[in-house]
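Engineer:
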Amino acid sequence: MLASNLPTRILIVEDDQDDFLIIEACIKDIPDKKFQIEWCYNYEEAIQRIGKRMYDVYFVDYLLGEKTGLELVREAIAMGTEEPMVLLTGIGNRQVDVQAMNVGAMDFLVKSEITTEKLERSIRYALERSAYIKALRVNERKFRNIFERSKDAVFLTGDDLVFRDVNMATCELFKYGKEELLKMSLYNLFARKEAAQLLRERLSQTGEVEDLEVELLTRTKERRNCILSISFQVYANGENNNQGIIHDITNLKRIERATFQIEKLRSTAMLLRTLAHEVRNPLTNINLSVEQLKPEINTEDANIYLDIIARNCGRIDGLISELLDLSRPAEISLQKTGLQEIIDATLAAASDRIALKNIRLELAYPDRPAFVMADKDKLKIALLNILINAVEAVPAQSGVITISILNEQQQHYKVLINDNGSGIPEENISRIFEPYFTSKANGFGLGLAATWNILQSHRAGVDVTSQLGEGTSFMLTFEQA
C-alpha cells in the first residue's frame, strides 16, 4: 500500500449518484487512512481519466448505460492500466464474478453487501496484490529484456526438447524463424545422431547437462560448434520447462584449428628446408662424380648405370623442389573477381567426372556477384582439388554435391562445399592438408596441401567437418572486395 502520509486516490465510476455517496461515505469511515475520492458517471470520460493514470484504485459499476463495467475494465487493461480495478454490481452473480476476474478486475463486490470493513479489506487487498503484480511485471520485463538481448541462444523447451520460446540469437544461430523453431525439437538440429542420443540419456538420468560440447546444424546444413547447457525447471503453477543456453564457439574452434595447422606447416616447412639442404649437398656430390666418371668409363653397361644414377638424382632433386614449393606461400596476382565465375569455371573443369558418376549438383548463389580479390586460375585449382575429392567420395548414381555462397557477415563471403560421401575419420581431419598425407591407394597427398597454400595466399579461412558414412563439408571464408 502507499505511504500513510499520502492519500490513496480513488475514482468511482458509477452512474447512480446515491450509490456513489454511499460508497464514498463508507470509504471515508475507514480509520487511520487518507483518501482522495472522485466521481465519474460517464463511460467515455472514465476511459479518458483512466488513461491519464491519475488514480491508485478504481471502483467500477457493472451497469454503465449502454455499456458494462466489464467492457470498461477490459478496455482499460488493453490500454496498459496496471492500477487495481474493483467491479461493483447490484446483485451477487457467480458468472459475473468469474468474468470480472478473467478480464483483469482485482476484486468483485455486491453493492448491497458493502460495508466499511469490506471496502477497507478490498482496497488493502487490491493495492497489495497490485504492488505484487507490478513487481512481477517489472521482473518479467527485466528478464525478458535479458532473454531477448542475450548474444547467446537462450530457449525454453517442453517434452522431447520441442522449443516453447526462443530469443533472437537462437533464430540467428540456426537461420530459422521463431515460428519455425517452435515446431521443432533441439534433437533434430544435432549433426550427430549419437550425440543427440547421449543428451537424451543424460537428461533422463540427471535432468540437466552443463557445458556439453556439441555440433549443431543450421538451416543451410552448416555445422556449428557449440557449448550446450540445459536444466529442468518446475514452476509454481505446475508448468514444466527445460531452460537452455547455447554458446556458439565455431569461430573460436576455427581459429584454434587454423593456428594449429599453420604452426604444424611452419614446423614442416622448417624440417623440409633443413632436409633439402642436407640431402642436396650429397646429391650434388653424386652428380659431380657421375659427370667426372662418364668421360673415363666408355663401356656401354657402365654408361647405362651412370644414366640411371643421374636420372634418379634429378628425380630426388625435383621432389625436394616440389616439397619446398608447397611450404612457401603461393605467388598470386589478385584481381576483383566474382566467386560465381570461379566456381562455374571449376565445375566446367570437373564436368566429365561429375557426369560419369551421375552426381546431382546443387548450386545456391546470391542474386548479386560475390566479388573477392583473387587469382582466378590459382583459386580454381584450389576449388578443383576439393571438388575432385568430393566427386571421388560420393557414391555413383546417388551422390549429391551442394555448393553455396553465403553472405551472412557484411565483410565476408562463405563458400560451402558439402557432399554425401563416405566421410573422413575424425583423427584424419587435422592432417588432410599435410603434404603427402593421403588415405587413397593411388594418391600422392599433394592436392589439398596445394589447396591450403593457395587459400592461405588469399587470406581465406578454411574449416572442414565430416562424419563417417554421412559426408564432408568444406567452408571457405573470403573477404569481400
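Heads up: the sequence shown at position 188 corresponds to 191 in the working numbering, and the numbers run straight through without jumps.
The beta carbon of each residue, even a glycine, is placed where N, CA and C say it ideally should be.
For clarity, every value in this text was computed on a predicted model and none was experimentally measured.
(1) Residue 301 by DSSP, collapsed to three states: which one?
(2) What number of angstroms, rounded off, separates the C-alpha of residue 417 from the C-alpha of residue 386?
(3) Flag this pair as touching only if the region 171-178 and the region 143-160 have three or more C-beta atom pairs under 8 angstroms; answer yes or no.
(4) On the premise that residue 59 lies in contact with residue 16, defined as a C-beta separation below 8 angstroms, what is that separation, rounded to the nearest angstrom?
(5) How many angstroms separate the CA atom of residue 456 from the CA atom of residue 472?
(6) Just to check my reading of the structure: residue 465 and residue 477 have Cβ atoms closer than 8 angstroms, yes? What is that Cβ distance to the nearest angstrom?
(7) Which residues in the same chain as residue 388 place their Cβ atom closer than 7 angstroms to its Cβ, once the five residues preceding and following it in sequence are excluded?
(8) For a quick check, are the C-beta atoms of residue 33 and residue 119 less than 8 angstroms apart?
(9) Does residue 298 pass the burial test, meaning 16 or more other C-beta atoms within 10 Å, or should it be called exposed?
(10) Between the Cα of residue 234 and those of 251, 250, 397, 213, spot the shortest distance and give me the residue it belongs to.
(11) Does the Cβ-Cβ distance between residue 47 and residue 14 come in under 8 angstroms?
(12) Would you identify the three-state DSSP class for residue 203, choosing helix, strand or coil?
(13) Report the residue from 146, 295, 291, 187 whose alpha carbon sits nearest the alpha carbon of residue 164.
(14) Please state whether DSSP places residue 19 in a helix, a strand or coil.
(15) Quick check on residue 475: does DSSP put it in helix, strand or coil?
(16) So residue 345 packs on residue 379, CB below 8 angstroms; how close in whole Å?
(17) Excluding the 5 residues preceding and the 5 following residue 61 in the sequence, name in chain order all residues of the same chain whose CB lies nearer than 6 angstroms to its CB.
(18) If residue 90 and residue 72 are in contact, beta carbons under 8 angstroms, what's the gap, nearest whole angstrom?
(19) Does the Cβ of residue 358 have 16 or more other Cβ atoms within 10 Å, making it buried, or fewer, making it exposed?
(20) Taking only runs of the beta strand (DSSP E) that begin and end inside the region 170-222, which ones reach a length of at least 3 residues, in chain order?
(21) Let me know the secondary structure DSSP gives residue 350 once reduced to three states.
(22) Could you pull out every unbroken alpha helix (DSSP H) segment of at least 4 residues lying fully inside the region 105-153, listed in chain order?
(23) For residue 52, report the span of its alpha helix (DSSP H) as first-last.
(24) Taking the Cβ atom as the reference point for each residue, do residue 396 and residue 422 lie within a distance shorter than 8 angstroms?
(25) What does DSSP give as the partner residues of residue 167 in its beta bridges?
(26) Could you compute how far the alpha carbon of residue 128 sits from the alpha carbon of residue 101?
(27) Is the CB-CB distance between residue 409 and residue 223 below 8 angstroms?
(28) Indicate whether residue 198 and residue 211 have their beta-carbon atoms separated by less than 8 angstroms.
(29) In the DSSP assignment, find the unbroken alpha helix (DSSP H) run with residue 396 in it and report its ends.
(30) Going by CA-CA distance only, name the one from 289, 112, 368 that's closest to residue 347.
(31) For residue 488, tell me which candidate among 290, 221, 280, 151 has the shortest Cα-Cα distance.
(32) Identify every residue that forms a DSSP beta bridge with residue 66.
(33) Should residue 13 be flagged as near chain D, meaning a C-beta pair shorter than 8 angstroms?
(34) Residue 93 and residue 115 look like a contact to me (Cβ under 8 angstroms); what is the Cβ gap, rounded to whole Å?
(35) Are residue 475 and residue 226 close, meaning C-beta to C-beta below 8 angstroms?
Structural biologist: Short version:
(1) The answer is coil: DSSP assigns residue 301 none of H, G, I, E or B.
(2) The C-alpha of residue 417 lies about 13 angstroms from the C-alpha of residue 386.
(3) Counting Cβ pairs under 8 angstroms, three or more are found: they touch.
(4) That belief does not hold up - the Cβ atoms of residue 16 and residue 59 are roughly 14 angstroms apart, past 8 angstroms.
(5) Roughly 28 angstroms between the two C-alpha positions.
(6) Rounded, the Cβ-Cβ distance is 7 angstroms, consistent with contact.
(7) Once the five neighbours on either side are set aside, the close Cβ partners of residue 388 are 450, 451, 453, 454.
(8) Yes; because the gap between Cβ atoms is below 8 angstroms, this pair is in contact.
(9) Residue 298 should be labelled exposed.
(10) Ranking 251, 250, 397, 213 by Cα distance to residue 234 puts 213 first.
(11) No; because the gap between Cβ atoms is not below 8 angstroms, this pair is not in contact.
(12) Looking at residue 203 - three-state DSSP - the assignment turns out to be helix.
(13) Cα-wise, what sits closest to residue 164 is 187.
(14) Reduced to three states, the DSSP call for residue 19 is coil.
(15) Of the three classes helix, strand and coil, the one that applies to residue 475 here is strand, per DSSP.
(16) Sure, about 6 angstroms apart at Cβ, within 8 angstroms.
(17) Result list for residue 61: 14, 88, in chain order.
(18) Contact holds; Cβ gap of about 5 angstroms.
(19) Answer is exposed; the Cβ neighbour count stays below 16.
(20) The qualifying runs are 211-220.
(21) Reduced to three states, the DSSP call for residue 350 is helix.
(22) For the region 105-153, whole alpha helix (DSSP H) runs of length 4 or above, ordered along the chain, are 119-152.
(23) Membership of residue 52 in the alpha helix (DSSP H) is indicated by the continuous run 46-54.
(24) Inclusion of residue 396 and residue 422 in the CB contact set at 8 angstroms is warranted, their separation being smaller than that value.
(25) Within the DSSP secondary-structure output, residue 167 pairs in no beta bridge.
(26) Distance between the alpha carbons of residue 128 and residue 101: 18 angstroms.
(27) In contact: residue 409 and residue 223 (Cβ atoms closer than 8 angstroms).
(28) Result no, Cβ atoms of residue 198 and residue 211 do not sit closer than 8 angstroms.
(29) Taken as a continuous stretch (DSSP letters only), the alpha helix (DSSP H) holding residue 396 covers 379-396.
(30) Here the closest residue by C-alpha is 368.
(31) A question about residue 488 goes unanswered here, because the residues of the chain that appear run from 4 up to 484.
(32) DSSP links residue 66 through a beta bridge to 71.
(33) Checking the listed chains, one finds no chain D in this structure; it contains a single protein chain.
(34) So it is a contact: roughly 7 angstroms between Cβ atoms.
(35) One thing to note: residue 475 has its Cβ no nearer than 8 angstroms to the Cβ of residue 226.
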